[in-house]
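In this note's numbering, the protein residues as written are 175 to 537. The beta-carbon is built from N, C-alpha and C at its ideal position, and this holds for glycine as well.
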């Protein structure tokens with residue numbers, strides 16, 4: 175490493191509006207620039223929604239995609255040779271595998287953040303990940319549940335769990351923010367509004383949420399469900415949706431929409447530790463989420479919301495019904511969620527990651 179800040183590359187698959195990508199943006203705003211000069215590279219050119227925000231935060235961004243798409247590893251190799259990074263911090267397994275192979279013999283340190291359980295990966299990805307995992311100088315897991323699923327462990331401080339957090343800044347709150355959010359989405363002021371945020375994929379399982387919401391509407395016909403996100407299952411989910419469901423699309427203003435909701439919900443089959451849940455809790459929303467991944471690490475059943483099994487519309491509907499029928503309970507759980515969220519510290523999380531950087535660069 176030369177004098178001055180260490181040159182660090184954050185390598186991601188895309189810069190869309192997913193939780194892992196939002197985590198990068200949140201952390202970028204809190205980098206210690208005196209110690210680390212961070213740049214970002216990503217593979218998928220069509221997933222670039224957060225690229226302008228990263229550049230506005232002073233982080234150079236490199237797109238490795240383009241025609242022909244299969245040549246992105248060659249572009250990564252050229253970038254590594256040109257920029258001579260001291261450390262590459264990878265996110266998502268496919269670009270991580272490429273980085274591990276392309277940095278052999280360069281003296282570049284490797285840190286990897288694990289966002290998901292390994293069982294989510296396709297078999298070829300899982301094998302390539304496992305075969306190259308030993309190249310990592312350190313691994314960061316976003317939750318203890320994710321850490322428990324990591325194979326090929328090493329003793330000592332090789333693996334670190336870091337709970338990240340949202341970076342809502344001066345996000346609006348209060349009655350005026352509630353009215354504005356509902357006006358933006360065309361929602362009645364007197365409706366009970368349940369909201370969810372996530373890509374429309376099998377992992378997030380919005381189909382179960384739609385089934386649960388249909389059950390809830392029998393007792394609460396004025397209820398509304400807002401789905402924020404886009405993805406490959408949108409057409410199928412629209413076919414399943416009944417009355418009262420709003421598909422809001424991919425949005426960059428989620429913090430401004432949250433005050434307009436009464437309950438936050440995630441029906442996921444798999445999670446690491448979703449940024450969307452932490453944003454909702456920080457906004458003072460009670461949540462109904464599935465008992466998967468790291469979600470039970472930040473939400474206690476009966477305190478800040480309800481935990482339910484995945485793939486169970488009846489139990490999800492029952493939990494939503496409990497909150498829909500009791501405004502006082504929603505208020506108490508929302509207040510508890512806001513209090514719990516004080517432990518979510520994105521700046522502290524970035525400092526923890528930087529301590530990992532310092533350790534591996536000093537070896």
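Alpha-carbon to alpha-carbon, residue j and residue i
i: residue 501; j: residue 460; result: 11 Å
i: residue 317; j: residue 252; result: 34 Å
i: residue 398; j: residue 301; result: 43 Å
i: residue 497; j: residue 228; result: 38 Å
i: residue 175; j: residue 312; result: For residue 175, the predicted structure reports a pLDDT of 49, less than 50, and the residue's modelled location is therefore unreliable. A value from the coordinates is still provided. Between residue 175 and residue 312, the C-alpha separation is close to 18 Å.
i: residue 295; j: residue 276; result: 22 Å
i: residue 536; j: residue 231; result: 27 Å
i: residue 527; j: residue 199; result: 14 Å
i: residue 491; j: residue 378; result: 16 Å
i: residue 416; j: residue 385; result: 9 Å
i: residue 440; j: residue 383; result: 8 Å
i: residue 362; j: residue 442; result: 27 Å
i: residue 250; j: residue 388; result: 47 Å
i: residue 247; j: residue 267; result: 14 Å
i: residue 479; j: residue 505; result: 11 Å
i: residue 207; j: residue 341; result: 18 Å
i: residue 283; j: residue 191; result: 28 Å
i: residue 328; j: residue 511; result: 35 Å
i: residue 519; j: residue 204; result: 11 Å
i: residue 451; j: residue 354; result: 21 Å
i: residue 240; j: residue 220; result: 9 Å
i: residue 216; j: residue 238; result: 6 Å
i: residue 269; j: residue 298; result: 14 Å
i: residue 414; j: residue 381; result: 7 Å
i: residue 281; j: residue 254; result: 11 Å
i: residue 245; j: residue 499; result: 55 Å
i: residue 289; j: residue 352; result: 32 Å
i: residue 530; j: residue 271; result: 20 Å
i: residue 310; j: residue 503; result: 46 Å
Short Cβ contact (9 Å threshold) for residue i with residue j
i: residue 428; j: residue 463; result: no
i: residue 193; j: residue 218; result: no
i: residue 306; j: residue 258; result: no
i: residue 314; j: residue 291; result: no
i: residue 261; j: residue 534; result: yes
i: residue 514; j: residue 472; result: yes
i: residue 214; j: residue 242; result: no
i: residue 369; j: residue 454; result: yes
i: residue 223; j: residue 426; result: yes
i: residue 119; j: residue 320; result: Residue 119 is absent from the model: the chain starts at 175 and stops at 537.
i: residue 263; j: residue 278; result: no
i: residue 356; j: residue 350; result: no
i: residue 293; j: residue 330; result: no
Where residue i sits in the DSSP three-state scheme
i: residue 287; result: strand
i: residue 435; result: coil
i: residue 210; result: strand
i: residue 321; result: helix
i: residue 264; result: strand
i: residue 420; result: strand
i: residue 517; result: helix
i: residue 134; result: No information on residue 134 is available, as it lies outside the stretch 175 to 537 that the chain covers here.
i: residue 243; result: helix
i: residue 531; result: helix
i: residue 184; result: strand
i: residue 480; result: strand
i: residue 506; result: helix
i: residue 369; result: strand
i: residue 257; result: helix
i: residue 354; result: helix
i: residue 465; result: coil
Beta-carbon proximity list for residue i, same chain, < 8 Å, skipping 5 on both sides
i: residue 359; result: 400, 420, 422, 431 and 434
i: residue 211; result: 178, 179, 180, 181 and 182
i: residue 412; result: 421
i: residue 375; result: 405, 406 and 407
Nonlocal neighbours in the same chain, by C-beta distance under 7 Å from residue i, ignoring five residues either side
i: residue 445; result: 466, 467, 468 and 469
i: residue 367; result: 361, 398, 400, 434, 435 and 436
i: residue 482; result: 462, 464, 465, 489, 490 and 493
i: residue 495; result: 390 and 393
i: residue 475; result: 481
Close-in-space but distant-in-sequence residues of the same chain around residue i (CB under 6 Å, 5 per side omitted)
i: residue 196; result: 449
i: residue 209; result: 179
i: residue 457; result: 432
i: residue 508; result: 458, 459 and 460
i: residue 265; result: 186, 194 and 287
i: residue 225; result: 189 and 235
i: residue 347; result: 433
i: residue 517; result: none
i: residue 345; result: 429
Closer than 9 Å to chain C by CB, residue i
i: residue 243; result: The structure shown has no chain C; it contains just one protein chain.
Residue i: CB within 8 Å of a non-hydrogen atom of the ligand FMN
i: residue 227; result: As far as ligands go, the structure on display features none, and thus does not contain the ligand FMN.
Inter-stretch contact at 8 Å, needing at least 3 Cβ pairs: the region 468–486 / the region 293–307: no
Flag this pair as touching only if the region 519–535 and the region 336–356 have three or more C-beta atom pairs under 8 Å; answer yes or no. yes
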